[in-house]
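Participant: Below is one structure. I have some questions about it.
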Amino acid sequence: MSIKSWKGALFALGLGFGVCAALPSNVRAEEQKLVQTVENRLHPDSTALPRRAEYGYVSDDANAVIARLLSYETDAERKEMRRQFYLNSVWYRQDAQYVDENGRPYLLVYEGAASDRRKLSYELLAGLPFFSNAKVLITTKGDKLIAAVELGRPFTEAEAYRNYRNLLRLQGLTEEVKAQTAGKTPREKAQFICDTVAKRLNYDYSLQQNCLQDVVVSQRTACVGYNGLTELLFRSVGLPYVNMIANNRETGVMHIFGTSKIDGNWLIFDTSNYDNESGPLDASYIFSELEHEAQGYRDFKLLQGERLN
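In terms of my numbering, the sequence shown has 24 at position 21, counting the first letter as 1, and numbering is strictly consecutive.
Here it is as structure tokens:
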């Protein structure tokens with residue numbers, strides 16, 4: 004089997020999600036509920052330890068770097084979701100520690116209005132920032148919707164601090180790319196970012212590393228990490244970016260990549276396939292039409308709810 008035939012699996016979120024309507028030729032997103040919520044699955048962990056102030060940073064520090072990282076975001080709901088994803092990953096809170104009925108530990112990563120369920124599902128499918136192979140449970144808590152990550156072990160202040168340091172590194176990378184692309188055309192910015200992603204990352208064929216933390220730590224990731232970094236850098240420099248998933252035609256495995264509007268046209272940017280590790284970069288996977296991606300994939304779906312205008 005060739006590299007292209009199975010490269011780029013989307014990790015299992017454990018959401019039990021359905022699918023959006025298949026995209027017609029004009030790449031149009033359809034409204035559809037992606038997950039079902041369940042009641043009374045999680046409850047606060049009564050054994051969770053209180054916070055100790057010994058890691059050299061405070062919540063204001065965490066909030067400040069998150070604000071800089073998300074300064075590009077204009078969608079208020081989406082910005083709040085991502086803000087919570089980041090903050091709960093890098094700042095330990097005793098009341099964010101949950102367990103299920105079997106005592107398995109979970110970390111609360113989002114709590115908000117129940118009407119946000121569809122948007123929350125889209126964001127989770129695009130990948131969580133700091134948790135590889137994450138299994139996520141979406142449930143309700145009174146009139147609130149919550150999302151929690153199953154970790155397999157209790158979340159600690161030390162882990163939160165490591166995540167914070169990696170968030171700083173990620174924010175530094177975005178600032179560096181913004182400075183290096185200042186004054187460039189949209190097409191030049193997109194090319195620079197794709198080259199930066201391909202140069203920085205190596206593909207993880209085990210499919211175990213697939214989040215933004217892997218992007219800054221091991222620099223080895225599956226398609227979720229490639230796409231997550233590409234999206235972050237595109238949007239940080241002012242380029243639109245919409246996440247897309249599809250199924251591999253040979254294996255049925257899910258793959259995630261993106262589309263961006265360049266010079267008036269929505270084009271595909273698939274940086275994990277662009278970074279062809281068996282040889283030179285495969286330029287056919289960036290600035291490409293959907294028809295090219297359709298040679299290897301099928302059942303294209305947008306993760307965002309907006310239309311591509």
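Beta carbons are placed, not taken as given, at the ideal position from N, Cα and C, and that holds for glycine.
How long is the line joining the alpha carbons of M84 and Y113, rounded to whole angstroms?
Facilitator: Straight-line Cα distance between these residues: approximately 7 Å.
Participant: Verify whether the separation of the beta carbon atoms of L204 and Q222 is less than 8 Å.
Facilitator: Taking 8 Å as the Cβ cut-off, L204 and Q222 qualify as a contacting pair.
Participant: Just verifying my parser: in three-state terms, what is the DSSP assignment at Y3?
Facilitator: The requested residue 3 does not occur in the structure, where the chain is confined to residues 4 to 312.
Participant: Excluding the five sequence neighbours on either side, which residues of its own chain have a C-beta within less than 6 Å of the C-beta of C226, listed in chain order?
Facilitator: Answer for C226: G11, H258, I259, S275, listed in chain order.
Participant: Do Y288 and Y277 come within 8 Å of each other at the CB atom, strictly closer than that value?
Facilitator: For Y277 and Y288, yes; Cβs fall inside 8 Å.
Participant: In three-state DSSP terms, what is R301?
Facilitator: Strand at R301.
Participant: Please report how far the alpha carbon of D78 lies from the alpha carbon of N166, in whole angstroms.
Facilitator: Their backbone Cα atoms lie some 25 Å apart in a straight line.
Participant: Please report the straight-line C-alpha distance between V256 and A249, rounded to a whole angstrom.
Facilitator: Computed Cα separation, rounded: 8 Å.
Participant: Based on the DSSP secondary-structure assignment, which residues constitute the bridge partners of V139?
Facilitator: V139 pairs with V152.
Participant: Using beta-carbon positions only, say whether V152 and L90 come within less than 8 Å of one another.
Facilitator: It is not a contact, given that the beta carbons lie outside the stated cut-off.
Participant: May I have the straight-line CA-CA distance separating D103 from E80, to the nearest angstrom?
Facilitator: One C-alpha to the other measures close to 27 Å.
Participant: Taking the alpha-carbon of S178 as reference, which of R55, S263, V240, K304 has the nearest alpha-carbon?
Facilitator: It should be pointed out that residue 178 corresponds to Glu in this sequence rather than to Ser. Among R55, S263, V240, K304, the Cα nearest to that of E178 is on V240.
Participant: Is DSSP giving H295 helix, strand or coil here?
Facilitator: H295: helix per DSSP, three-state reduction.
Participant: Beta-carbon separation of L128 and A137 under 8 Å?
Facilitator: No, Cβ-Cβ distance for L128 and A137 is not below 8 Å.
Participant: Please state the DSSP three-state secondary structure of R107.
Facilitator: Three-state result, R107: coil.
Participant: For the region 160-244, which segments carrying the beta strand (DSSP E) assignment without a break, of at least 3 residues, lie completely within its bounds, in sequence order?
Facilitator: Taking only runs of at least 3 residues, no beta strand (DSSP E) segment lies wholly in the region 160-244.
Participant: Taking 8 Å as the threshold (C-beta atoms), are F237 and I271 in contact?
Facilitator: It is not a contact, given that the beta carbons lie outside the stated cut-off.
Participant: How big is the Cα-Cα spacing for W94 and E160?
Facilitator: C-alpha separation (whole angstroms): 7 Å.
Participant: Could you tell me whether the Cβ atoms of L2 and G115 are closer together than 8 Å?
Facilitator: Not covered by the structure: residue 2. The range shown for the chain is 4 to 312.
Participant: Which one of T224, G186, T184, G175 has the shortest CA to CA distance from L73?
Facilitator: The residue with the shortest Cα to Cα distance from L73 is G175.
Participant: Please return the same chain residues whose Cβ sits closer than 8 Å to the Cβ of T199, not counting the five positions on each side in sequence.
Facilitator: Taken in chain order, the residues that qualify are V180, L236.
Participant: Identify which residue in P157, E126, L305 has its Cα closest to the Cα of R107.
Facilitator: Comparing Cα positions, the closest option is P157.
Participant: Rounded to a whole number of angstroms, what is the C-alpha to C-alpha distance between Q183 and P189?
Facilitator: Q183 and P189: Cα-Cα distance of roughly 13 Å.
Participant: Strictly by DSSP, which residues pair up with G261?
Facilitator: N246, F272, per the DSSP bridge assignment.
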